[in-house]
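K.L.:
In full-length UniProt numbering, the protein residues as written are 1 to 1189.
Virtual Cβ for every residue (Gly too), placed ideally from N, Cα, C.
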Amino acid sequence: RLNPLCHQRQQHCGSILLEELARAPNMETAFSTPSATPLLHAMAAAHGYVIMFVHVCRTGQLDIRTISMTHWGSELGLTVLAQLADLYSALVWESTVLLALCSEDSNREFAKEEISKICPPSMMRMQSENMDMTNEPQEDNMEVDDEKANKPASKSSSIIPPNIKLKYIKPLLGASSRLGRALAELFGLLVKLCVGFPVRTRRGNHLTSTPVSPTPSAHSVANSLAALLTRGLSPQFLPDTPVPKFRLTYLICSVGFTQPMLFDEKRYPYHLMLLKFIKSKGQQAFFETFMWALSGVGNLGCLEDGGLKDGTGEFLDAWLLLLEKMANPKAILESTHMLPARMAPGGNRYFNPLKYLQQVHKMAFDALAYLWGRKPFPNYGARITETMLTIYRHIIHGERLIEERKVKDGDTTVLVNPVTSEGRRGGAGREHRPEVNPTELTQLMDMGFSREHCYEALILTATLEHATDYLLNNFFPHNVQPSASTEVEEGETWDDPLDSDSLDQFSNQVLPVCLDYVEKLPETVYRVCDLLTIVIRRNGEVFCYKLLNTLAVETMDNIKKLMDRMAVLVRKRDSYARGEGLHAKRDIYDVAINSPWSVRIAGNLHLFMLLFEEIRVPCARVVHSTGLLNALLHMMEEVTEYMVEGDVTPKWMAPLLLLIDLLEKVSISINRKVNMHKVTTQVWRWLDLASGKWSLYMPNNNKLINEAYWRGDRDVTITSGRRRYTIAFSSMCQINDDSGKARPVMMTLIDPKDPSMKSNMDNQPTEIPPFLTPIANPEEKDPNDTVESLSEPEYYVDFFHRRFGLQPINGVTDRDIHIILVCCMQMLSKPVDPDTLHAVMQLCVRFTRIYSNACYMADLDIVKQLLTLTHASFFTGFLGLSTMLIRHLLEEPTNIVAAIERVIRFKTLPNIPPTFKELHYILRECAPAICRDPEIFKSVAKNIMRVDISVLNKRSEEDDHRLLMKCLPSENQKGAPPKELHFLVKRTVMQLLNFLVDALQREFVAKETAPPEDENNTDTAGGSQPTDSFNEENTTSGSILRNNDEPDLDSFNASNLPMYIAATGPVTSSFNTPKKATTASQSTQQDKKKRTPILTISNILKILGDAVRSYGCIAKMVTDHRYSSRQADFFKEDSTAVAFVLDHLMPVAENNKVDQERPNMARNLLAALASCNHSPEAQCTLVTEVKLA
1 RLNPLCHQRQ QHCGSILLEE LARAPNMETA FSTPSATPLL HAMAAAHGYV
51 IMFVHVCRTG QLDIRTISMT HWGSELGLTV LAQLADLYSA LVWESTVLLA
101 LCSEDSNREF AKEEISKICP PSMMRMQSEN MDMTNEPQED NMEVDDEKAN
151 KPASKSSSII PPNIKLKYIK PLLGASSRLG RALAELFGLL VKLCVGFPVR
201 TRRGNHLTST PVSPTPSAHS VANSLAALLT RGLSPQFLPD TPVPKFRLTY
251 LICSVGFTQP MLFDEKRYPY HLMLLKFIKS KGQQAFFETF MWALSGVGNL
301 GCLEDGGLKD GTGEFLDAWL LLLEKMANPK AILESTHMLP ARMAPGGNRY
351 FNPLKYLQQV HKMAFDALAY LWGRKPFPNY GARITETMLT IYRHIIHGER
401 LIEERKVKDG DTTVLVNPVT SEGRRGGAGR EHRPEVNPTE LTQLMDMGFS
451 REHCYEALIL TATLEHATDY LLNNFFPHNV QPSASTEVEE GETWDDPLDS
501 DSLDQFSNQV LPVCLDYVEK LPETVYRVCD LLTIVIRRNG EVFCYKLLNT
551 LAVETMDNIK KLMDRMAVLV RKRDSYARGE GLHAKRDIYD VAINSPWSVR
601 IAGNLHLFML LFEEIRVPCA RVVHSTGLLN ALLHMMEEVT EYMVEGDVTP
651 KWMAPLLLLI DLLEKVSISI NRKVNMHKVT TQVWRWLDLA SGKWSLYMPN
701 NNKLINEAYW RGDRDVTITS GRRRYTIAFS SMCQINDDSG KARPVMMTLI
751 DPKDPSMKSN MDNQPTEIPP FLTPIANPEE KDPNDTVESL SEPEYYVDFF
801 HRRFGLQPIN GVTDRDIHII LVCCMQMLSK PVDPDTLHAV MQLCVRFTRI
851 YSNACYMADL DIVKQLLTLT HASFFTGFLG LSTMLIRHLL EEPTNIVAAI
901 ERVIRFKTLP NIPPTFKELH YILRECAPAI CRDPEIFKSV AKNIMRVDIS
951 VLNKRSEEDD HRLLMKCLPS ENQKGAPPKE LHFLVKRTVM QLLNFLVDAL
1001 QREFVAKETA PPEDENNTDT AGGSQPTDSF NEENTTSGSI LRNNDEPDLD
1051 SFNASNLPMY IAATGPVTSS FNTPKKATTA SQSTQQDKKK RTPILTISNI
1101 LKILGDAVRS YGCIAKMVTD HRYSSRQADF FKEDSTAVAF VLDHLMPVAE
1151 NNKVDQERPN MARNLLAALA SCNHSPEAQC TLVTEVKLA
């Protein structure tokens, strides 16, 4: 009954269902009369059968799955499947045509005859006139009759009326789409039945899943499904149509249908379907379709202009997304749906993932050459470009993976799932191999199989018979090779793989094209960074420095052109009259924002910053060697001079500041490693906390640790006895894999008394063994050996991470720091956009760790600027950074000395076990205090720390060399603060206390001036506590800040920088979800909220409370501070700060929904004052004020 729908598609360019409806004698009863619309009713019946098959295929019983696959693979099942495939192809075309008729700009010329039968011309003209009258503007009614007569015919005459679409066309579209979706679901379930469902294993079961040969029925069904895919992707099977877009739409549907047929939900491919897809020439048809889409519809000539025919951009987007999955080397090689090396049924070839990747990469590389470097396409340009960059990354990444897998597997097919067989990821560990029966191993080897294959069969199976079956199904003995017909067939299918010369040529030309993409499509910068990182890894260190130098020089050239243009405008400004100077200043700043050089600088700096995160040492050296840092500082200094409040912040400002922050961060990190290498050897130790001794590793484990450390691994797994340990170099800890217990590890320090000991700087290696060491003869390896080859990590190990050959890297000089701080203060006073403000504050926090820089910032009135910043500049994490800035102003050297002394004494309390007071262990525990100021820590430690000889073992014959520490008694028993304080500390505390009064005064004024209907509103002039809803509304989706309040400067990730930094347009959110219309009152409240200060009274109270607990001098300063009666209207007389807190801040306000934490923070401050035993005067003042209150 559905044969006319399936077999007349080639001869019919329109919709067969619409033609059937047009032939119906009565349109009103056509849908309900089977004789009038037999195809439509047959589709409904077929839909019921298909849904039944879908539910059968979904069942979880293995017997029913087997029976179902057997019947589908029979002669009758294959016949039905072929007819369903034809029906699906016809339905896709029907849906394409009907969807075009239902679109807004649908033209009825190709279905003119059918539409005229459904809707008579008289009715069509009447509908068109009504549409023209509705759409005609009011101004057109005033035209004279002659002008109306000369106007062309209305476009609405060729448009199908909406009521016709809704009544006749959309029901047909719904019926065809519903049946098509059901068929697509059925085909997808049949694919899963063919390849088999993954076996669920118990937790802790580390046995790998053995690839199972598909049944003959599964092969037959897979062949039929692959033929369907090939037919859908072949241009020669496309029907003739006067509208070229229909063919492209049909191909888009075919490509979208192919993806779930070849790949699962986790992007892993079905190797069986890939094999059948190749055998049915589907892979060839897939790439022929791409060439047809470019040349068959005349697009090759349009590529030069960046334009495409209608619908081609959408097709390329879908086509490239599928190609990206096909070219992903990790997914192809680590698929969970693998095939055995030798197929059980006769006449079937085996699937070689390595050869598949080689050929797909070659064909993809040749196809992308038509798109690479072209002008970005409209609408789909960004997605197409990002997918292209990802595919190129897969191709270059795959070259290395394929070569390593060939060496590792002896150029054979991967049999065991690498996800589970390669053991622990991310480390250079040696896995413990289970023991096997040597007698059974010998018996299997006598059959002609290799030792490795026999060992694999024994560990994956339970009995000798099962192991024999496994070997016979998956491997060839030494004296038996694959049949010649199989190899010939394989060779006929594939061409030569992609050669290295093509990749070398691509690598040499990749940077200019990528920079062009970043300039035109700023959102592609992340994919560009990924591609350049892979290219650099492939080509080595020399190429890395060449590329980075080119990028730096290109950026400096644009900076020079921008500075020259600004200099010209400055000279013009000097020649203007006094009244015209403001306009000239605006023109100068506009050049720094909107000029093409500014756009290129923004993109280049964003890219360089992302590369800095991956390639730290080379990037830091290039920044200094090329003079890029000086050029950036000069540009920032010049541009900030012309910034005016309310101006748009340059897009390059945030990446520039973050680049400087990364340089300083890398400089500190590398210099610490260099200093450590100067005083340590290559002998590693671990600490036994039970005895307090640092024990040596076994020589073989010490060698493994050394190789992994100098190579740059993140961690390494070693075996000691029957236990496995992971050495994490980032935290310098040894972690037991079973219990999770961690112990400290360290390199042995040089003994000054032993002149034969060489430091790591003098004895570090010049070359490290590669991560994967190939085995020359696998058969000579003992299967019972507990030391295996190193497992492959998920990251590369190369000159990016290696730790040998490091040299000190200079940071930012003191003069440059002062320039940066001045520019930062100018941007704080404007203020700038939230992301640039975050970068500014982060850089200020890093530099103000040195107290001289903190004093310089205080002279620039940093506290006042922080207190006046409003919610218009708010970003997540502002409170944490502002708190750290204020604390740096309070941490004068005497306060740091007292704080560090308290930390050391806390670690050496008498009640702590002696073994936990070992010197190196204490230094590890005090790492944050050491990093705060190493020189002060060293001075304090030398003054108060001594070796506790009383706890050393004196009965042993050997000398006890443990360094168990104690602290000398404190000279200041009460821990009193220093008598003389820096004036900066006093001024900072005074500014914070005065802010409390000023903020409360603004709240009172706002309440008095607020209209009666706004009394219940909680937005007051005193500021509001930022909430999550406000954060989402006023920050961009790609915020560079973390969600915690205490940001860690040394773990900042530059890849979180928002896309719009390098954009050419205004800052907008990346979310396209429609927002509800806001009323005038809501917008007024939002504007009012943006004008309120970010720091609230509760925030300042918390900062003061923490400062009182941390620094002994703050308590007395708070209690001694007095407010004048003229400072606020609510003061009737002079008052102390404690009295103000008790009377005005600690009571709970009834309608205060803005700052609900204020009473709690006030109690927190008073409790901190009460705990200051080192300041009796402050405690007495507190007691007195509490009594008076």
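Would you mind listing the alpha helix (DSSP H) stretches within the segment 851 to 884 that are 4+ residues and don't spill past its ends, in chain order?
P.N.:
Counting only runs of 4 or more, we get 851 to 859 and 862 to 868.
K.L.:
With DSSP as the reference, label residue 244 as helix, strand or coil.
P.N.:
Residue 244 falls in the helix class under three-state DSSP.
K.L.:
Helix, strand or coil for residue 744 per DSSP?
P.N.:
Residue 744: strand per DSSP, three-state reduction.
K.L.:
Measure the C-alpha to C-alpha separation of residue 605 and residue 733 and round it to an integer number of angstroms.
P.N.:
Taking the straight line from one Cα to the other gives about 36 angstroms.
K.L.:
Applying the 10 Å Cβ sphere with the 16-neighbour rule, what's the burial state of residue 293?
P.N.:
Buried, by the Cβ-count rule.
K.L.:
Enumerated in chain order, which unbroken segments of the beta strand (DSSP E) with a length of 3 residues or greater are wholly contained in the segment 352 to 414?
P.N.:
If we require 3 residues or more, the segment 352 to 414 turns out to have no beta strand (DSSP E) run fully inside it.
K.L.:
By the three-class DSSP mapping on this structure, what secondary structure does residue 1111 have?
P.N.:
It is coil, neither helix nor strand.
K.L.:
Just to confirm the assignment, what range does the beta strand (DSSP E) spanning residue 169 have?
P.N.:
No beta strand (DSSP E) holds residue 169; DSSP gives it neither H nor E.
K.L.:
Whose C-alpha, out of 684, 911, 850 and 551, is nearest the C-alpha of residue 627?
P.N.:
Of the listed residues, the one whose Cα sits closest to residue 627 is 551.
K.L.:
Going by alpha carbons, who is nearest to residue 661 out of 1141, 394 and 842?
P.N.:
Nearest of 1141, 394 and 842 to residue 661, Cα basis: 842.
K.L.:
With 16 other CB atoms within 10 Å as the buried threshold, where does residue 222 fall?
P.N.:
Label assigned to residue 222: buried.
K.L.:
Just to check my reading of the structure: residue 468 and residue 441 have Cβ atoms closer than 8 angstroms, yes? What is that Cβ distance to the nearest angstrom?
P.N.:
About 12 angstroms separates the two Cβ atoms, so there is no contact after all.
K.L.:
What residues in its chain sit with their C-beta under 7 angstroms from that of residue 559, if we drop five residues either side in the sequence?
P.N.:
Cβ neighbours of residue 559 beyond the five flanking positions: 601, 631 and 635.
K.L.:
Return the CA-CA distance between residue 1047 and residue 885, expressed in angstroms with no decimal places.
P.N.:
Since pLDDT at residue 1047 reaches only 38, below the 50 mark, its modelled position is unreliable, and no value is offered.
K.L.:
Roughly how many angstroms separate the alpha carbons of residue 96 and residue 386, rounded to a whole number?
P.N.:
Computed Cα separation, rounded: 28 angstroms.
K.L.:
May I ask you to report which of helix, strand or coil DSSP gives residue 964?
P.N.:
Strand.
K.L.:
In the DSSP assignment, what residue or residues form a beta bridge with residue 749?
P.N.:
680, per the DSSP bridge assignment.
K.L.:
Helix, strand or coil: how does DSSP classify residue 733 here?
P.N.:
Here residue 733 sits in strand by DSSP.
K.L.:
Using the Cα positions of residue 504 and residue 694, report the straight-line distance between them to the nearest angstrom.
P.N.:
About 50 angstroms.
K.L.:
For a quick check, are the C-beta atoms of residue 535 and residue 402 less than 7 angstroms apart?
P.N.:
Not in contact: residue 535 and residue 402 (Cβ atoms no closer than 7 angstroms).
K.L.:
List the endpoints of the continuous alpha helix (DSSP H) containing residue 950.
P.N.:
Looking at the DSSP string, residue 950 is not in any alpha helix (DSSP H), and its letter there is neither H nor E.
K.L.:
At which residues does the alpha helix (DSSP H) containing residue 693 begin and terminate?
P.N.:
Taken as a continuous stretch (DSSP letters only), residue 693 belongs to no alpha helix (DSSP H), being part of the beta strand (DSSP E) at 693 to 696.
K.L.:
Tell me which residue opens and which closes the alpha helix (DSSP H) that residue 836 is part of.
P.N.:
Residue 836 -> alpha helix (DSSP H) spans 834 to 847.
K.L.:
I'd like the span of the beta strand (DSSP E) that includes residue 725, first residue to last.
P.N.:
Element bounds for residue 725: 723 to 728.
K.L.:
Starting from residue 756 and walking both ways along the beta strand (DSSP E), at which residues does that stretch end?
P.N.:
Careful: residue 756 lies outside any beta strand (DSSP E) and carries neither H nor E.
K.L.:
May I ask you to report which of helix, strand or coil DSSP gives residue 234?
P.N.:
DSSP places residue 234 in coil when its eight states are reduced to three.
K.L.:
Going by the C-beta, is residue 651 closer than 6 angstroms to any heavy atom of the ligand COA?
P.N.:
This structure simply doesn't include the ligand COA, nor any ligand for that matter.
K.L.:
Taking just the CA atoms, how far does residue 255 sit from residue 5?
P.N.:
So the two alpha carbons sit approximately 22 angstroms from each other.
K.L.:
Residue 626 by DSSP, collapsed to three states: which one?
P.N.:
Of the three classes helix, strand and coil, the one that applies to residue 626 here is coil, per DSSP.
K.L.:
To the nearest whole angstrom, what separates the beta carbons of residue 1158 and residue 1097, a pair I think is in contact under 8 angstroms?
P.N.:
Confirmed, Cβ separation roughly 5 angstroms.
K.L.:
Apply the 10 Å Cβ neighbour rule to residue 644 and answer buried if 16 or more other Cβ atoms are within range, or exposed otherwise.
P.N.:
Counting Cβ neighbours within 10 Å, residue 644 comes out exposed, since fewer than 16 surround it.
K.L.:
Can you have a look at residue 938 and say buried or exposed, based on whether 16 or more other CB atoms are within 10 angstroms of its CB?
P.N.:
Exposed is the call here.
K.L.:
Would you grab the beta carbon distance between residue 269 and residue 359 for me? Rounded to a whole angstrom, and I think it's under 8 angstroms.
P.N.:
Rounded, the Cβ-Cβ distance is 14 angstroms, inconsistent with contact.
K.L.:
Can the beta-carbon of residue 749 be found less than 7 angstroms from the beta-carbon of residue 680?
P.N.:
Going by C-beta atoms, residue 749 is nearer than 7 angstroms to residue 680.
K.L.:
Could you give the residue range of the alpha helix (DSSP H) that holds residue 212?
P.N.:
Run containing residue 212: none; DSSP gives neither H nor E here.
K.L.:
Ignoring anything shorter than 3 residues or poking outside the segment 494 to 522, list the beta strand (DSSP E) runs there in chain order.
P.N.:
Fully enclosed beta strand (DSSP E) runs of 3 or longer: not present.
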